[in-house]
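J.: In our numbering, the protein residues as written are 23 to 189.
Cβ coordinates follow ideal geometry from the N, Cα and C atoms, glycine included.
Since the model is a prediction, treat every value here as computed from it, not as a measurement.
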């Protein structure tokens, strides 16, 4: 929803698009919404890099808006991830493997959701919001959790688990 400034700001500030707070504020000052500002970004005196990022974001979002009623949720998600190179960017960050695994888990979740029957993007978002409210999903497991690694946790969290060596 391009009229949801809070969600759009989150996406634009994220590693998907990397716009600065200052640029987003300036976009908002151009129109009624951040989206309206993004559509007129060339009117601002931004750097060439910022203008390119704004144009890329606008192009990607417009393409996704066009496909949202035509493609299953998981296909829209995959298209976004490929267009923004988000999974690769996550791997360069602190705890990147965990973040990448969480994105993959979310894609798998969307795949399972889409295979049951046809659902709209709004149906999927509502379903995810319910799961978040109920705190039903945890983080994805990464390979290091299965191997011979050191695990640091509270006594409370370790309750009921068995380890060969404990300090």
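Would you say residue 72 and residue 45 are within 9 Å of each other, going by their C-beta atoms?
T.: Along the chain shown, read from residue 1 onward, the residue named residue 72 stands at position 50. Along the chain shown, read from residue 1 onward, the residue named residue 45 stands at position 23. Yes, the pair counts as a contact, with Cβ atoms nearer than the cut-off.
J.: Would you mind reading off the limits of the alpha helix (DSSP H) that contains residue 118?
T.: Mapped onto the chain shown, residue 118 falls at position 96. Start and end: 118-138.
J.: Helix, strand or coil, according to DSSP, for residue 172 in the structure here?
T.: To locate residue 172, count along the chain shown from 1; it is residue 150. It is coil, neither helix nor strand.
J.: Can you grab the Cα-Cα spacing for the pair residue 145 / residue 98, in whole Å?
T.: Residue mapping note: residue 145 aligns to position 123 of the chain shown, counting from 1. Residue mapping note: residue 98 aligns to position 76 of the chain shown, counting from 1. Those two C-alpha atoms are separated by around 14 Å.
J.: Using beta carbons (cut-off 9 Å, strictly below), is residue 70 in contact with chain D?
T.: Reference to chain D is not applicable here, since this structure consists of a single protein chain.
J.: The alpha helix (DSSP H) that contains residue 144, what's its start and end?
T.: One-based indexing of the chain shown puts residue 144 at position 122. Residue 144 -> alpha helix (DSSP H) spans 143-156.
J.: Kindly give me the distance between the Cβ atoms of residue 55 and residue 23, rounded to whole angstroms, as I take these residues to be in contact under 8 Å.
T.: For the purposes of this step, residue 55 is identified with residue 33 of the chain shown, where counting begins at 1. For the purposes of this step, residue 23 is identified with residue 1 of the chain shown, where counting begins at 1. Their Cβ separation, rounded to whole angstroms, is 10 Å, which puts residue 55 and residue 23 out of contact at 8 Å.
J.: Measuring CB atoms only, is the segment 57-73 touching the segment 111-123, in the sense that at least three cross pairs come out at less than 8 Å?
T.: No, they do not touch.
J.: To which residues of the same chain is residue 38 closer than 6 Å at the C-beta, ignoring the five residues directly before and after it?
T.: Looking up residue 38 in the chain shown gives position 16. Answer for residue 38: 106, 108, listed in chain order.
J.: CB-CB under 8 Å to residue 135, same chain, minus the five flanking residues each way: which ones, in chain order?
T.: Numbered from 1 along the chain shown, position 113 holds the residue referred to as residue 135. These residues qualify, in order along the chain: 95, 96, 141, 146, 149.
J.: Look at the Cβ atom of residue 153, then the Cβ atom of residue 125, and state whether they are nearer than 9 Å.
T.: Here residue 153 corresponds to residue number 131 of the chain shown, with the count starting at 1. Here residue 125 corresponds to residue number 103 of the chain shown, with the count starting at 1. No.
J.: Can you have a look at residue 121 and say buried or exposed, based on whether 16 or more other CB atoms are within 10 angstroms of its CB?
T.: Translated into positions along the chain shown, residue 121 becomes position 99. Residue 121 comes out buried.
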